[in-house]
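Asks: The sequence shown begins at 24 in our numbering and counts up one residue at a time.
Note that the Cβ used here is the ideal one computed from N, Cα and C, for glycine as well.
Because the structure is a prediction, the values reported are computed rather than measured.
Have a look at this one before I ask anything.
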Amino acid sequence: MQDKERAPDKITEDTSSSNHPGLPVNKDPAYIYVSPEAADIMEGSPSAPARSLLYILLFIIIAALIWSYYGKTDVTIKAVGILIPRGENKDVVSIKDGVVIELFVKKGDRVVKNQMLAKIGTSIRADLHTQINNLKETINTGKNEILADEVLISQSEKEMLNNKKITGQAIKTKEDLLAMAMDSLKRTNEEYAIYKNMFDNGLISKLELLKAEDALESVKSNITKLASEIDTYKNESQKRDDEIAMNIIKMKITLEKNRTESNEAQRKLNMIEFQYKNETAGDGREAGKYSIDYDVIRSPIDGIVSVSNINHPQDVVKAGNPIFSIIPGNQPLVAKINIPNSGIGRVKVGLPVKFKYDAFRYQEYGVGAGRLTYISPDSI
């Protein structure tokens, strides 16, 4: 059985209402009255300007979301650096100890691959020359150490004598005061004996006797104090003297050791110089150019000599130590920059870079451009 459709409430006109004459009235308490004009506005579609404004706002929101997802923000990081040729400097070393015989280039010279840079004497005589220089350096160092030790010993001995003198004067003063106090004690004892006898005979009061006793005790106390001070002075002085004497002994042992080492170095030097003279006798050549046994130092690449650690013939060369450093030639320049820690995390290979030259006028050279090609692995 189907429910019957509910009939609409009967609407009547309230002809008795003074406020809204002729308006429809519904007796249902849940009924809300809406005017026809308001109902048309609520049920009708938005106007064209409102729709346009809504579309514009929607477009702006969508565009902002797309830009926030795909957009990129430029980050500017300032750093300083230097321009260097691409590629690493090449260090040139000697595989043997020796002495410079001839030097053909200097710092700043342009060189080509296999060009002769220097001749290094590596014969026995060159080794003797190196030993002579080393021994002379050892002897000079030993002389300076011996001189310093002698000065320290002399100063310590003077300090000990001065300490004894000062302490002796202080002790002498205290001993003089002690002698005077002993004389005073003798007189005070005699005075006390007199006062005691007079008191026993009823000639003076008890108060006067007590004063004499106090004077006697004061003298005895002063004597005890002076004797203690003298002992303290003597003990402290002896302690300082013992410390200084011990230091002097240690310094003399060091001095003797340095003298022994210096004498041994001098003995070796005399022996090697004698051997060196025998080796070079009759050569008829200038010292340092006598050896036909030498190594030729050549440039491994084309470039410019940026560092030269030898400047004159007879300079000593140590095996394995760099003699020259050569910058590769005909290489493009690259900028080696130091990026601060605050910005290193925001850079990556391939980012564009702009730079200006501090050493050149900005009006002429302007701003250079490039790309970041390498980041050091140990960057923080």
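Quick check: what's the CA-CA separation for ASN344 versus MET183?
Replies: 50 angstroms
Asks: Between the C-alpha atoms of ALA392 and GLY104, what's the straight-line distance to the nearest angstrom?
Replies: 14 angstroms
Asks: Can you say whether TYR218 is buried or exposed, counting buried as having 16 or more other CB atoms within 10 angstroms of its CB?
Replies: buried
Asks: I need the straight-line Cα distance from LYS136 to GLY352, nearest angstrom please.
Replies: Per the coordinates, the alpha-carbon of LYS136 lies some 10 angstroms from the alpha-carbon of GLY352.
Asks: Is it true that the segment 263-271 meets the segment 246-253, where meeting means three or more beta-carbon pairs spaced less than 8 angstroms apart?
Replies: no
Asks: What whole-angstrom Cβ distance do GLU125 and ALA141 have, given they're in contact under 8 angstroms?
Replies: 6 angstroms
Asks: Runs of 3 residues minimum, wholly inside the segment 217-266: which ones carry the beta strand (DSSP E) assignment?
Replies: none
Asks: Less than 7 angstroms separating the Cβ of MET274 from some heavy atom of the ligand MG?
Replies: The ligand MG is absent from the structure shown, which contains no ligand whatsoever.
Asks: Taking the Cβ atom as the reference point for each residue, do ILE324 and LYS113 lie within a distance shorter than 8 angstroms?
Replies: yes
Asks: Which residue's Cα is closest to the Cα of VAL134: VAL328, ASP338, PRO375 and ALA204?
Replies: Comparing Cα positions, the closest option is VAL328.
Asks: Just how far apart, CA to CA, sit LYS359 and LEU106?
Replies: 6 angstroms
Asks: Assuming ILE398 is part of the alpha helix (DSSP H), what are its boundary residues?
Replies: Here ILE398 belongs to no alpha helix (DSSP H), and DSSP marks it neither H nor E.
Asks: Could you spell out where the alpha helix (DSSP H) holding ASN364 opens and where it closes?
Replies: Segment 364-367, the alpha helix (DSSP H) holding ASN364.
Asks: Hey, how far is the Cα of TYR215 from the Cα of PHE222?
Replies: Straight-line Cα distance between these residues: approximately 10 angstroms.
Asks: Which residues in the same chain have their Cβ closer than 7 angstroms to the Cβ of ASN245, if we skip the five residues on either side of it in sequence?
Replies: ALA204
Asks: Does the Cβ of LYS229 have 16 or more other Cβ atoms within 10 Å, making it buried, or fewer, making it exposed?
Replies: exposed
Asks: Taking C-beta to C-beta, are ILE162 and GLN289 nearer than 8 angstroms?
Replies: In contact: ILE162 and GLN289 (Cβ atoms closer than 8 angstroms).
Asks: Taking the Cβ atom as the reference point for each residue, do PRO363 and ARG109 lie within a distance shorter than 8 angstroms?
Replies: no
Asks: In whole angstroms, what is the alpha-carbon distance linking GLY366 and ARG394?
Replies: GLY366 and ARG394: Cα-Cα distance of roughly 16 angstroms.
Asks: Taking all protein chains shown into account, do 16 or more other C-beta atoms lie within 10 angstroms of the C-beta of HIS335, making it buried, or fewer, making it exposed?
Replies: exposed
Asks: Helix, strand or coil for ILE107 per DSSP?
Replies: strand
Asks: Label ILE276 either buried or exposed according to how many other C-beta atoms from any shown protein chain fall within 10 Å of its C-beta, with 16 as the threshold for buried.
Replies: Exposed, because fewer than 16 other Cβ atoms sit within 10 Å of the Cβ of ILE276.
Asks: Report back the beta-carbon spacing between ASN281 and ILE169 to the nearest angstrom; my notes put them in contact at under 8 angstroms.
Replies: Yes, ASN281 and ILE169 are in contact; Cβ-Cβ is about 5 angstroms, under 8 angstroms.
Asks: Of all the options ALA193, GLN154, VAL115 and ILE79, which has the alpha carbon lying nearest to the alpha carbon of VAL319?
Replies: VAL115
Asks: Work out the CA separation of ILE346 and HIS152 for me, nearest whole Å.
Replies: Taking the Cα positions, HIS152 is about 18 angstroms away from ILE346.
Asks: Hey, how far is the Cα of ASN212 from the Cα of ASN220?
Replies: 12 angstroms
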